[in-house]
Structure formats: structure tokens, C-alpha cells
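Note that the sequence shown covers residues 40 to 1053 in the numbering used here.
Encoded as C-alpha cells, the structure appears first; notes follow it.
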Amino acid sequence: MGYRNAILFRWSRRDRLTVVVVAVTAAFLIGTILLLFTAVTYSETFAEPLASSETVTYHEAGDGPPPAEANTTVLRVARASVNGSTVRVIGIPPDTPRVLIEGSAQWQEGRLPTIPEGVDGRAPVSRQRNRTLQGTNGTVGLTVVPHEQGIQFLPEQWYATNVSTAERLGVTGYFVIDHTPGGTGLGSVPASGSPLVSALLYVIGGLEQVLWALSVAAAAGGLLVLIVVYSVTRMSVRDRLDAIRVIRSTGAPGWRVGLLFTVRAGLLVTAGVALGYAVGLITIKALVNVAIYVGLPIALDVSVTGQSATVVGAVAGLFVLLGLAAGALAAYSAATRPPSSLGTGRTRGGQSAQTALARLRRVLSPTLLSWRSVVPTAATLTVFGVTFLLVVSLAGLASPLAGGAGGAGTITEAGAPHPLNSRLDPDYARVLRANGTEASAEIIYAQVSDGQPYMARGADYDAFSNVTGATLVEGERPDAYDEAVIGSDLARTLDVSVGDTMTLSGSVKPGVRRVTVVGRFDADRTLDDLLVIPLETASGLATGRGQVHMIRVDGPVPTPGTTTNETGAVVTGLSGPARVTRGESFNVTATVRNVGSERATRDVTVRYRGERKTTSVSVPPGGQRRPSVAFTASELGRANATADGYRHAVTVVSPDAITIPEQLPSRAPPEAVLYVPVLSETGERVPNATVSVNGLELETGSKGVAIVPLPRSPGNYTITAAARGQTATHDIAVVRGAEKQLYAQLSITPESGSVLTTPTLGVGLANPWDEPMSREIRVVGPGVSRNRSVYMPPGNVTETRFSPGSGRGQPGTYTYRVTANGTTLATADYQVTGDRRLVSAVASNGAYASGTPIERSIEGVFGNVQLILGVLIALSALSTVGSTTATFAQAVHARRQAIGIHRSTGATQWRVLRTILGDIARIAVPATTLALALSVAVLQFMENAGYLVFFGFRLTARTPPSVLGGIFFGGIALATFGALVATLPYLAAAPVSLLGSGDRTRTPEDDGGTPSDD
């Protein structure tokens, strides 16, 4: 039993150093695994209200209807044409659950639209309407009502109806909603379909990808354990060859000797793994505490969970199995060779001839150490190189990219812990653009498709490309709510081409969208991994309506203190009546908007004809108020009311003045009958006025309109109106073949404003002829393009008011027009003014941060990514230092007698150290070169195989030469440091202590000048 205990439990210093090698490698991997699992747990806690497991999948009708399953809901999809526009019609089965329980977020239930009794469906209308839809199977007439308030599961542009209506139109596809409950934590990302709420599963899916990538490091660590344990066990076997020969010669079978050394190797690895687990856990907790102490936003409590224990156990088991395999391989020769051949020394003589090759070999060969150290050193440095290159690639997600993106940065809501919590008005981007700073209002829109997490971005593509430098390389820019453009790298990741249609689910709110990819763009680095969708498509399922997460900027943003108003409340427009009568009191109204995050109070001063009036207004954050001040119209004529650079024109007229509308046609065919209204200057109709033309006199009657027959003979005539002692005239030409037109009036209120101001358009139409008219009316201008077919009875007048959308992003004059069958009836101009006060208010009430939103959004979702990357670097460096120290310690330990002889024969400590440093250089340079080549090859393989995709961002193995140089010199420095740590104890020890019995060692002289580690 004595030799068994000696082999199994009598460990030398070399064996103890092997335990250290295994421990630091295990600490690196186990510590990283625990940190990542903690990040997953934190993410689940952070995003618990987002927990949702229901998925949606789209099936083309050409593939046949999907199979009916008990746990699914199938929505029919039809494509139809309505008034020249193509819409989607969704057929909802009558047994569909009112609320999708497993497809809801805590603050937003997953609710499909309900169809009220007596109507056929819901549609993008303001009140109940009749609509005619043309589908692939035929035409269907529907009575539809507006969509329900607060239910945004389907886009507001879609029609929601019953199954039979969709089938009558012609089914083109199916949405299949799977209600099957899902799991939690790692492994819960569905392999098919898109989760109705994707944000949490996006995070978990990305962390799964990082964990998979770390399995490469685990495999490399296992290889390191295999090499080191094999080397140490082989050396232990060599040290005991004489004893093994005696043991086997006295009857012990060879397999028993091999088994003992195999178990010995397993015990070494088991001890190393146990120590590594403790070191890894303690190191991670210490690094988290340091991060909290220095002020990083960390909220991680590192602990061992069921899932993490499983993975840690698997890594530990891998290490032990590899250790056992290494021990068996190292002992195989001693266990199988005949006992008589064991313990026989081999002498390696040198060549007597001093050829040039022999001299070069002698210069390059180590003096005291052995070439055998190259392989374990290269293996150790390869682990470091692969890990470092992975971290450099991952840093592309989290490190600022300002230098590569032209100094880009982001503005988020002041006080928001991360962009996902930020809410900003997208109009702030228009403010910045109007004042010379390129800006893009954006929404973070996390997605998962068939198990692959990726990032979409709600943005206006033109603004996005102006800030990021993205270039469209295929297709065209998006021009509708259901069109998108995709980055080239993301198109490769998702296998999507221009022309494909994608299904999007909700980000933080449940829902479904469909977009057609109309273009592909190239952009710098990770910007190339985004799907850019319209803001209106993203907002309902990621933010509130009219809100964005951030504003990306490319240029200087004014700092607070550049204006006297730092409250956040700014004037954005001025309005009031266009005409008033002399002596009348009228109100001028200012629009005040609070672009800050706190309630703001300020004074607003309005000036009119030398008179100045001030009122105070208090505005809640993000809101607006419209305070008014009153003036008296004392002088006839036109004058401007002004406030903070905005103006509104007011025309004061006599109360008795009358007018004939200037919009009345100026050309008419012979014998046409014209409706001529007579108005006061304030727009009221004047009854019993006299209207005359070519000697014919008529009265307006009680309605203030005269029906006037025009002369038979062509020529120029004047229509004259008289009332209250006042007259008004209108010239008209009677021309054969003149076309009868409607007349229109177009007004804009206010007449001017900032880029934040939303004006109101007033469109009035009148049919001045005595016959009905049908026309295609179009209102066009920045932010509006409305088409409508109208039927106007004789003398009919109609008026509508609405607010145009965006499109007035720069200071200047914008023209709106009303046309009928292509003929312009009326125009009006709107003036947009630039205002640096608005830019300053945005800067003083928003938080500006340099760097792209990629880093800031990912940090906000699953904790501080910088901590994880820093821990990876720290632990890999610790692993490398420990492993290289142990590797060289084994080599130095094997040559300790030679070191003792050198020192005993007069060599100084410095001389011995210099000799060893030369040996280290001869070993470290080729080992580092080999390690760097292997690291780059491994990373290139991962890229080619598609394994460098994390959180949907495709990273590259192309590493800058500066990084490769840093790894090379860093590897040499680590190897040198480890060798020095291993050597210094032998240099400090007394020479006689190095000459004792122990490991059998031969001097260089004994080997003919060739070193050995035996």
C-alpha cells in the first residue's frame, strides 16, 4: 500500500503548481459563467413586467392553411384596395380570446380588436363609414367604425373584421398565435416565431449567444488542462521510472500502475477545480463591489442558481475527464512497456562538426530550460488570445463609436437611468436640424425572430442616414408605414433580401406588424446590423404615441446657459383672428411648450402697435398651454402682433365695409349662372345687398347670396355689390369654352411658428354655379397629401380643418395648395422660424452623452456590459499569468540542479537570471507567435461559421494590427512575468538546497550540451 499512497498523495511542488494552473483556468471560466447567469437573473428581475411567451408566425396562403391546433389562434389576412390604397384586412375568429394572457405585458394587455354588433369591422376612420374593398376574390362593401382607443395590437392602418369577410376578399396569408406557455431564464427563447413581447427574450437570447461563445474558451481551457496535466504526469512518471520498474518486476500489473497515475491526475484536477470555483466566486464578488464603489451602475448580486450550477458542474466535469485522459496518456508508456526497458537513460550527443547550422541551433536553443515549454506556453497564451479577441469583438457592442461615426452622440430624457426609460418628443430633432445640427429621433425596438435576437430602430431613414452616414446600396428608401430598410450585416444574419416581408412583434408592448424590406444600406460597424422602420410603426409597441427613446446627433449641441430662459418653457407660435373691425376687442394667443422634465413657469410678453401686455403661464413637463392677452383694434389697416420672435398679422377693417370673395371665378362661359355671396370684412354674409352686372340688378336676400346670370356675349364685365353705403367689385371674363371650377379658400393658423409648431389648415370649398359638380380634390404640402372625391350641389359650401404632419424641419417658407382635377384653386404660405432658444432648452433639459446608443441601450437592459468585459479581461489575464508561471516553474524545477551547479561553480545570481531570461525569450517568442496565429484562426473560423453574432450584431474577426501587436507583446510580457515569478525563488535559495535528491536531473554537460527537463 505504500507505493500506492506515494503515487496518489505525495505531491511535489510541481504538482501543487499544476493545481494552481487548473485553478486559475477554472476560476476564469466559472467566474465568467456565474457573472453571466447573474446578468440573466438581473435581466429577468429588471424586465419581469415584460415576461411573455406567446409567439406569432406568418404563413403564406400558397403553402396552404396552417394545421388547426388547440393552443393556437389563426388570423386570416387579406390584401385589398380602398380608394386607390392597399390595406391589410385581418379576419378574427369569433372564439379568439379577448385577452392573450401569455402574450401580455404588465402594463399592456394583449387585446385583439372586437367587432361591435351592427357593423362589419374596424378601420382607420374617424366615425362610422361605408367602405368598398376590392380583394383578389372580389369586391366587398363594409360598414366600419374607428379602432378602439388604447388597443394597438394591430396597426391602426389595418382593417379588423371577421373571418368570412377576409375569405370573401381572398386570403393571402395567416397569422398563427401560439398560446403555449414558455419557460424562464436561459433556454426560454422560442426557436420559431416572434414573441409578442420581445424585449426580455432579446436580452436572454443575446446572453445565450455570449455563453455559447465562451464555450470556445471553455474548450481552450480544457485543452490547456489536458496539456499541462499530461506534461506534469509524464514528468512524474519519468521521475519514478526506476520505482515503477521495481514495482512491476515484483508482480504489480501494468494496468494498476497506469490506473494509479490516472487517478493521481484526476485528483490534481479535482483539487484545482474546487480551488478555482472558490477563487472565481470570490473574485467576481470583489470585482462587483469595486465597480459599485467607483460608481458604476451595477445591480448584480452574484450567486449560484440551479441553471448556473448545472453549467459550472459541466465545466468542472469536463476538466476532470480531460485530466483523467491526460493522466492515462502520460502513464501509458510506463504501464505497457516491459519493466526491463524502464529507467534506462538516453544520452543525446551533439554533432562534433561545428557547421553553420549547428552554430545557429546552439544560439537559438535554450541553455537551462527546455523547448518542451513552448507547447504548454503556446496553449496558455492561445486561451488568452482567443478570449482577448472575443472581448475586443464584444467591445464593439459596448464601447463608444464616436470616432468612427463623426462624433455622434445621443440625447435622452434628463434623469432617465437608461434610454429604454427615456421619453422625448421627436420634434426636438426637428429643432436641432433647423439650427444646423443633424439629428435623428429614434426608438429602440428589440426583436427576436426564430430564436435570433436582433435590433430594429424606429427612425426616419433620411435623418438616420444623415447622422450615421448610412448609404443605400440596394433598393429604395422607405416611403410608407409598412416599409423598412435593413443593414447589410443584419440581412446576412437573418437571411433577408430586398423585397422580402418580415413579421415584427411588440418590443415592450404586445402586438404584430408586417413590413416589406424595400432597401439595404451599408453603415459603419454595428450600425450595419439594424432594421430601420418608420417611427409610426415602432411607437405604438415600444413607446407612447409621439414619443421616442433618444435623439442621435452628429454635431455640436448648445450647452445650458446660452439664453436667459432656462426653465424649459418656450414660445412656439402665435395665433389670433386675421380680421377684426375697428373698435373690437380681440385676443392674441401664444402657444407655450415645456420641453423640460419638470413643471416650468414663465412670463410671455405680446406686443401690438406699440402696446405691450404680459401674462404668466405654468406648463407641466412635456405639455403645452395657450395663454391669451386682449387688445383693442383702434386703427384701420394691417399690423403684426409679436412674441418671442413670432408674429401674427391682424387686419382692422371698417365695420360697414363689404366684399365679394376674391376666390370667385375670374372666367366663366356665356350665360352661366353664378352664385355671388356678399360678405362683411369679418366674413359674415350681408343680406339684402344689391348685386349688378351689365345693367342687371339683383338682391342677395336673407342668405346673403345673389344668383346672377352672366351675359351671353363674351367680354370683360364687373360684378358690383352695394350695401350700407359701401360697394365692392369683382371682375370676370366671359369666354366661350371656359371651364367651370369650384372655388377654394385655404387658411393657415398660425401664419408662422417654430419647427415644433403644428399649424392648422382650414380648407373651404364652394360650388358657385347653378349645376352640381364632382371633382377630385387634393390638398398637398409639407406633411400632408390628402385626396378626396367630392360632390357639390349648386351653391354648396363646405369647410374642414386639420393639422398636417411633419415635413417642416428647416426654417423657411412652406407652401400648401388645394387642387381640383389637377388645377390649383388656392395656395397659402407658412413661415418656419429658427429659434436657438429651443435648442438650448433641449440641451438644458435633456442628458447628452457621447457615444452611440448601442452601448447605452445594452447597458441599460442587462446591467453594465463594461463590468462583464472587464471581468473577462481580468480573469483571462489572471489565468494566463498563473498558467505561464506554473509552466515555467515546471521547467525551472526540472533544471534546479543545473541552476544549483551553475551557482555553486561561481555563477552570480544576475548571470543565471540573464541566462534564464535569454531562454525565456527563445521560448516565449515562438510560443506567442504560435498562440496568436491559433487565436486568429479560431476567431476567423467562428466568424465564417456565423458564431460571432451577439444580440443580433455581427462582429468581425478582422482585428486591427495595433490590437494584434498588443496581444503579441502582451503575451510575451505575461510569459516573461510568469517565468520570473517561477525563477526568482530558485535564485534566492541557497545553491546547496538545489542539489539535494529528488527529481532526477542531468546537467547540460551530461547531455552533451543539450538541455533536458527529465
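All C-beta atoms, glycine included, are put in the ideal place defined by N, C-alpha and C.
Between Thr204 and Val116, the C-beta gap is not smaller than 8 Å, which leaves the two residues out of contact. DSSP places Glu452 inside the beta strand (DSSP E), whose first and last residues are Gly448 to Glu452. Under DSSP, Lys652 forms a beta bridge with Val645. In the DSSP assignment, Thr532 falls within the unbroken alpha helix (DSSP H) covering Ser527 to Leu533.
Annotation for Ser813: Ser828, Val829, Tyr830 and Met831 place their beta carbon closer than 8 Å to its own, counting only its chain and skipping 5 residues before and after. Relative to Ser1032, the option among Arg942, Leu570 and Arg993 whose CA is nearest is Arg942. By a beta-carbon distance limit of 8 Å, Leu718 does not contact Trp808. Their separation comes to about 19 Å. Listed as beta-bridge partners of Gln173 by DSSP are Ser120 and Thr178. About 16 Å separates the beta carbon of Ser237 from that of Ala523, a gap too long to meet the 8 Å contact definition. For Thr839, same chain residues with a beta-carbon under 7 Å away, outside a window of 5 residues either side, are Val802 in chain order.
Separation of Ala364 and Trp251 (C-alpha to C-alpha, rounded to the nearest whole angstrom) is 24 Å.
At a Cβ-Cβ threshold of 8 Å, Val506 and Arg591 count as neighbours.
At least 8 Å separates the beta-carbon of Val547 from that of Pro234.
Of the candidates Asn122, Ser974, Thr995 and Ala972, the residue whose Cα lies closest to the Cα of Glu982 is Thr995. Ile1006 places its beta carbon 8 Å or farther from that of Val964. In chain order, Phe625, Asn626, Val627, Thr628, Ala680, His687 and Val689 place their CB closer than 7 Å to the CB of Gly615, counting only its own chain and leaving out the 5 sequence neighbours on each side.
Under the DSSP assignment, Glu206 falls in the alpha helix (DSSP H) whose first and last residues are Val202 to Leu208. Under a 10 Å Cβ-count criterion, Pro811 is classified as exposed, with fewer than 16 other Cβ atoms of the shown protein chains found around its own Cβ. The continuous stretches of beta strand (DSSP E) do not include Asn860, and DSSP gives it neither H nor E. Ala325 counts as exposed, since fewer than 16 other C-beta atoms from the protein chains shown sit within 10 angstroms of its C-beta. Spatial neighbours of Glu513 in its own chain (CB-CB distance under 6 Å, excluding positions within 5 residues in sequence) are listed in chain order as Val537 and Arg559.
Contact annotation: Pro716 and Pro704 have beta-carbon atoms that are not nearer than 8 Å. By the criterion of at least three beta-carbon pairs nearer than 8 Å, the segment 100 to 111 is not in contact with the segment 177 to 188. By DSSP's assignment, Tyr97 forms a beta bridge with Phe214. For Leu735, the closest C-alpha among the options Pro405, Tyr520 and Leu749 is that of Leu749. For Glu513, the uninterrupted beta strand (DSSP E) run begins and ends at Thr510 to Gly514, by DSSP.
Straight-line spacing of the CA atoms in Thr620 and Asp518 works out to 46 Å. DSSP assignment within the segment 471 to 510 yields the following whole alpha helix (DSSP H) runs of 4 residues or more, N-terminal first: 500 to 507. Beta-bridge partners assigned by DSSP to Gly792: Gly612 and Val871.
Bounds of the alpha helix (DSSP H) holding Pro965 are Gln948 to Asn983.
Contact between Val312 and Asp54 is ruled out by a C-beta separation of about 15 Å, above the 8 Å threshold. Phe300 is classed as buried because its beta carbon has at least 16 other beta carbons within 10 Å across all chains shown.
Close CB contacts of Ser578 within its chain, under the 8 Å cut and outside five residues either way in sequence, are with Ile482, Gly497, Arg584, Gly585, Gln586 and Val587 (chain order).
A distance below 8 Å between beta-carbons, with the five flanking residues on each side excluded, links Tyr520 to the following residues of its chain, in chain order: Pro194, Gln196, Pro573, Glu575 and Thr576. Under a 10 Å Cβ-count criterion, Pro132 is classified as exposed, with fewer than 16 other Cβ atoms of the shown protein chains found around its own Cβ. Pairing Ala805 with Pro833, the inter-Cα distance amounts to about 9 Å.
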